Structures are given as C-alpha cells and as structure tokens.
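These notes are about the structure you will find just below.
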DNA sequence: TAGTGGTCTAGACCACGGG
DNA sequence: CCGTGGTCTAGACCACTAT
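Residue numbers (my numbering), protein chains in the order written: chain P, 61 to 301; chain Y, 61 to 301.
This is how it looks when you write it as structure tokens:
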C-alpha cells in the first residue's frame with residue numbers, strides 16, 4: 061500500500077504536519093506540539109524533529125517563538141513563484157520550435173534619457189540588441205535589450221544573430237540577481253507589425269534588470285501580445301523543495 | 061569591526077559559499093569542497109557543514125551527487141517570486157488608505173459557460189462578488205470573484221460590504237494552494253468608467269484560483285490599469301530564508 | 001526564572017553511484 | 001568496491017522571552 065521508497069523520518073514528520081495544515085485540521089495560529097513532545101511521539105532524537113520544523117519554517121508554513129512554541133503561520137498570498145519567463149524553455153515545454161531573429165545590434169553610449177529610464181548612470185557603453193522570439197513560426201515576443209559592456213566586456217564579440225542574448229548571458233555571467241516588473245501596454249504600430257498583430261492589441265510587458273555582484277549586467281524589455289502569452293504561476297506552500 | 065551579533069556557524073559557512081557563487085568566484089558546474097574538507101577548514105562537526113549545504117541546495121544554488129560531490133548549480137531565471145499581489149498590503153506599504161467598495165453580491169448556481177471558463181464542473185452554488193479596491197481615494201483595481209459555497213459555506217453569511225473577500229477568505233480558509241495567471245486586456249467601457257480611465261486603456265489582469273484540500277475555494281479576476289499598477293518581483297538566489 | 005527553540009558535537013550506519 | 005552524502009543519535013550549552 062505504502063510506497064516502497066521509505067522516506068526519511070524528518071521528511072515524514074514534516075509531511076505529517078504539513079498535511080494537517082493544508083487540509084485545515086490545523087488552523088493559522090494553532091499551536092504545534094513542542095519538540096520534546098514530537099520526539100516522544102516519533103521516538104526519535106530532537107535534532108530530527110528540529111530538522112523537520114526548520115523546513116516548515118523555511119517554507120513559511122510555521123512560525124516559532126522561543127519559550128512560546130511553534131505555531132501555524134498565517135497564510136500570505138503575497139509571494140508567488142512565476143514560471144516560464146524563459147522563452148526557449150517555454151517553447152521546449154510546448155514541444156514547439158524556437159528561434160531568435162535579431163533585428164538590430166548597435167554599440168553606443170547611453171544618453172541621459174535612456175540611463176534615467178533604467179535607473180543607471182549615463183555614459184556607460186552598451187550593446188543594444190533588438191529581436192524577435194519566434195515559436196512554431198509565430199513571433200511570440202519582441203525584445204529590446206541593453207548589455208553593459210563594463211560588466212560584460214565579452215559581449216562586444218557576441219553578435220546574437222541567432223542565439224538569444226538571454227541564453228548567451230546565462231552561459232557567460234555566472235550568477236545574478238534580477239528584478240522584474242510586469243506591466244501592460246498597447247502594441248503600437250511598429251511592434252504590432254513585427255509581431256503580426258493590431259496596433260491597439262493589449263500586450264504584456266516584462267522589464268527585467270539583472271545584476272551581478274552589485275553592477276547591472278543587462279536590462280531587457282520583452283513585449284508579448286496578450287492573446288499569445290500569459291504568465292502563469294503557482295503558490296503551493298511547501299510542496300516543493 | 062565585526063558585527064557583534066555573531067551568526068550561527070552553519071549560516072556563516074553558507075554565506076561564505078553563497079558569496080563565492082554570486083560574485084562569480086565560483087562558476088556554475090564548479091565543484092565545492094567535500095564535507096570532510098569543510099569540517100576541517102571550519103573546525104566543526106560534519107552535521108554543521110551538512111546543514112549549511114542543505115540550505116544551499118534548498119535555495120537552488122548547489123546540487124549534490126553522492127560519491128561525486130557538491131557543485132554550483134546552473135542558474136535558472138524561470139522562477140521568480142512576485143510580490144504584492146495582496147492589495148491591502150500594497151496600500152499599507154505605500155502609506156495610503158485602503159478600502160473596498162462592493163458593487164454587487166449575488167448567490168447563484170454556475171451555468172455551463174461560467175463553469176467552463178473557470179475549469180470546474182457546473183451547477184455548483186456560488187457567491188459572486190464584484191467590487192473596487194480603492195487606494196488613496198483612487199480606484200486601483202476592479203475585482204470579480206466567485207466563492208464556491210460547497211467549499212466555504214460560511215460565505216453565505218458574509219456580505220463583503222466593506223471587507224474585501226480576499227481578506228475575509230484568508231481569515232476563514234486555513235491554507236491554500238493557488239494558481240495565478242497574469243494577462244493584459246483593454247479596459248472596455250464598463251470597467252473603464254468604474255476605474256475612471258479610458259476604454260482603450262491597457263490593463264493588467266490577474267486571474268487566481270485558490271484551492272483547499274483539492275476543492276476549489278474561489279476564483280478571482282482583478283483588473284488593474286497599467287499606468288497605476290505593475291507587478292514587481294525579485295530573484296535573488298538564496299538571499300532570503 | 002524557567003521553558004523553549006537554536007545550535008553544535010562526535011560519533012554512527014546506510015544507500016547510492018562513480019570508478 | 002568504497003568514498004560521498006543522507007540520515008540519525010544522545011547528549012550538551014546557550015539565547016531568548018513569556019510569565
């Protein structure tokens with residue numbers, strides 16, 4: 061009946077409590093057993109119980125206060141994991157072909173206006189790239205990107221003729237923190253023609269700034285026709301990791 | 061010089077490694093020291109090292125393979141934590157007033173068309189609520205919500221005249237998993253008038269289905285004028301938790 | 001002040017999987 | 001095979017905080 065793969069005890073304890081929380085047997089604010097009680101219930105060491113509880117805390121399901129005990133956290137829907145902002149990955153999931161078509165590539169120094177829009181200091185030398193993400197033969201998104209050459213000097217030699225700058229950067233910049241903004245706009249005449257849609261078509265706009273070790277690496281604006289793409293996300297407390 | 065608040069050793073180890081990763085000293089795929097080496101370096105027990113490494117794995121910064129060792133993970137920008145989809149919380153952060161103005165409330169049985177749109181079976185009895193989220197006197201979003209009475213029978217007695225249904229649900233539904241979809245649309249004549257904007261104004265649309273223990277609790281469609289609200293998110297691998 | 005969680009140790013056994 | 005990580009123990013001391 062049970063799955064043959066026996067789970068670790070700390071994972072079992074964690075799941076037991078998690079189940080009682082998500083099913084509503086335990087309500088937000090309810091107190092959980094003390095560690096001492098749990099180690100008696102499960103007949104294990106306190107470290108094992110502690111590992112289970114620590115995981116629940118990391119997942120935001122439980123809050124703990126010294127001397128008081130452990131309690132079911134009050135749910136927050138404020139944070140949601142949004143997936144598939146990586147367009148090639150999105151295409152792969154759909155089983156469709158993907159290609160990037162470069163429209164332009166220039167090297168220049170940021171003027172004041174552009175720098176202000178991105179919130180960086182002006183006069184930084186950059187590579188500007190625009191292009192289309194094409195999935196199954198249809199353009200899914202228009203992309204306008206800036207890559208800062210002082211952060212990624214190797215970009216000077218990259219042409220991005222068929223390889224999307226985003227993928228290139230993931231392979232050349234070791235790790236990054238990113239800020240995203242999702243907004244909406246009308247396609248407008250130029251992008252409408254490129255995306256083969258109407259100028260008054262509503263579009264999703266993703267703005268992303270990526271940083272590495274304190275210096276901005278890239279800034280990108282991706283425009284998706286609303287009828288072709290939507291951002292999907294899921295919030296399942298503690299189901300993963 | 062050092063902050064007087066000494067951090068836990070496992071947290072210190074974790075930060076040391078994390079720093080080397082995010083600054084690029086360690087590149088994706090690079091091998092990390094074995095646990096035995098780290099316990100010698102830091103002069104601590106293996107459990108302590110293991111706790112640090114487990115945290116890095118949970119944050120997706122590190123992958124571990126038995127016999128092979130531990131390696132820096134390849135970065136993915138696929139998942140991003142989006143914040144502030146909770147409108148009252150958003151108002152609070154801005155230091156502005158918040159109120160919910162109910163526009164309508166009905167109890168009915170879902171017809172086939174509506175059920176299909178939400179992906180649930182028809183003939184379920186629901187409460188339908190529409191209203192406006194008003195921040196600093198200005199309408200920020202229009203909301204159209206369905207609450208399933210078989211999942212939340214208490215909703216029959218809730219009027220939602222000034223309390224937003226979202227907040228009410230958080231207080232009455234213990235925990236939930238949620239699916240979100242972000243899209244874009246034009247305001248249209250009706251919502252434009254309610255939101256005090258133009259019918260052809262681009263708007264962000266948030267669709268959210270919330271489930272509890274396998275049954276759908278609510279479905280909501282929130283419409284934000286694009287010039288008043290945008291979703292912001294951050295992706296800082298391992299910075300929090 | 002006393003109870004609780006936070007942390008750490010110095011061992012141990014085992015499953016997995018690379019060589 | 002045998003090194004690695006995964007897990008667990010039975011203690012211990014300490015920091016915090018509710019009472």
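For every residue, glycine included, the Cβ atom is placed at its ideal position computed from N, Cα and C.
All of these numbers come straight from a predicted model, not from anything done at the bench.
Chain-ordered chain P contacts of residue i [CB-CB under 9 Å]
i, result
"residue 264 (chain Y)", "242, 243, 244 and 264"
The alpha helix (DSSP H) enclosing residue i, as first and last residue numbers
i, result
"residue 117 (chain Y)", "106–118"
"residue 126 (chain Y)", "No alpha helix (DSSP H) contains residue 126 (chain Y), which DSSP labels as neither H nor E."
"residue 244 (chain Y)", "Looking at the DSSP string, residue 244 (chain Y) is not in any alpha helix (DSSP H); the run it does join, the beta strand (DSSP E), is 237–246."
"residue 226 (chain Y)", "225–232"
"residue 95 (chain P)", "95–102"
"residue 70 (chain Y)", "69–82"
"residue 250 (chain P)", "249–255"
Endpoints, beta strand (DSSP E) assigned at residue i
i, result
"residue 158 (chain P)", "158–169"
"residue 280 (chain P)", "275–285"
"residue 203 (chain P)", "198–208"
"residue 148 (chain P)", "Where residue 148 (chain P) is concerned, there is no enclosing beta strand (DSSP E), although the alpha helix (DSSP H) it sits in stretches over 147–154."
"residue 190 (chain P)", "185–195"
"residue 270 (chain Y)", "262–272"
"residue 176 (chain P)", "First-last for residue 176 (chain P): 172–178, but that is the alpha helix (DSSP H), not the beta strand (DSSP E)."
"residue 294 (chain Y)", "291–295"
Under 8 Å between C-beta atoms of residue i and residue j
i, j, result
"residue 247 (chain Y)", "residue 263 (chain Y)", "yes"
"residue 290 (chain P)", "residue 200 (chain P)", "no"
"residue 93 (chain P)", "residue 132 (chain P)", "no"
"residue 240 (chain P)", "residue 120 (chain Y)", "no"
"residue 147 (chain P)", "residue 116 (chain P)", "no"
"residue 156 (chain P)", "residue 191 (chain P)", "no"
"residue 181 (chain Y)", "residue 206 (chain Y)", "no"
"residue 250 (chain P)", "residue 210 (chain P)", "no"
"residue 285 (chain Y)", "residue 257 (chain Y)", "yes"
"residue 165 (chain Y)", "residue 208 (chain Y)", "no"
"residue 233 (chain Y)", "residue 272 (chain Y)", "yes"
"residue 170 (chain P)", "residue 108 (chain P)", "no"
"residue 194 (chain P)", "residue 242 (chain Y)", "no"
"residue 223 (chain Y)", "residue 279 (chain Y)", "no"
"residue 260 (chain P)", "residue 260 (chain Y)", "yes"
"residue 244 (chain P)", "residue 204 (chain Y)", "no"
"residue 266 (chain P)", "residue 178 (chain P)", "no"
Rounded C-alpha distance that separates residue i from residue j
i, j, result
"residue 163 (chain Y)", "residue 202 (chain Y)", "10 Å"
"residue 225 (chain P)", "residue 96 (chain Y)", "40 Å"
"residue 128 (chain P)", "residue 98 (chain P)", "16 Å"
"residue 235 (chain P)", "residue 228 (chain P)", "13 Å"
"residue 299 (chain Y)", "residue 74 (chain Y)", "Confidence is the limiting factor: at residue 299 (chain Y) the pLDDT is only 41, short of 50, which leaves the residue's position unreliable and the question unanswerable from this model."
"residue 282 (chain Y)", "residue 252 (chain P)", "26 Å"
"residue 72 (chain P)", "residue 86 (chain Y)", "34 Å"
"residue 113 (chain Y)", "residue 118 (chain P)", "15 Å"
"residue 152 (chain Y)", "residue 67 (chain P)", "43 Å"
"residue 105 (chain P)", "residue 231 (chain Y)", "35 Å"
"residue 172 (chain Y)", "residue 84 (chain P)", "30 Å"
"residue 335 (chain Y)", "residue 215 (chain Y)", "This structure gives no information on residue 335 (chain Y), because the portion of chain Y shown stretches from 61 to 301."
"residue 255 (chain P)", "residue 198 (chain P)", "8 Å"
"residue 80 (chain P)", "residue 90 (chain P)", "11 Å"
"residue 125 (chain Y)", "residue 183 (chain Y)", "51 Å"
"residue 130 (chain P)", "residue 130 (chain Y)", "33 Å"
Chain-ordered chain P contacts of residue i [CB-CB under 7 Å]
i, result
"residue 230 (chain Y)", "135"
"residue 320 (chain Y)", "Nothing in the structure corresponds to residue 320 (chain Y), since chain Y is present only between 61 and 301."
"residue 155 (chain Y)", "Chain P residues near residue 155 (chain Y): none, gap ~17 Å exceeds 7 Å."
"residue 286 (chain Y)", "243, 244 and 245"
"residue 236 (chain Y)", "135"
Contact list for residue i against chain Y, beta-carbon separation under 9 Å
i, result
"residue 273 (chain P)", "82, 83 and 84"
Contacts that residue i makes with chain Y (C-beta to C-beta distance below 8 Å)
i, result
"residue 293 (chain P)", "142, 239, 240, 241 and 242"
Anything in the region 71–95 of chain Y with a Cβ closer than 8 Å to a Cβ of chain P? List those residues in chain order, please. 81, 82, 83, 84, 86, 87 and 88
Taking only beta carbons into account, state which residues of the region 250–263 of chain Y come closer than 8 Å to chain P, listed in chain order. 260, 262 and 263
Please list, in chain order, the residues of the region 191–207 of chain P that have any C-beta partner in chain Y closer than 8 Å. none
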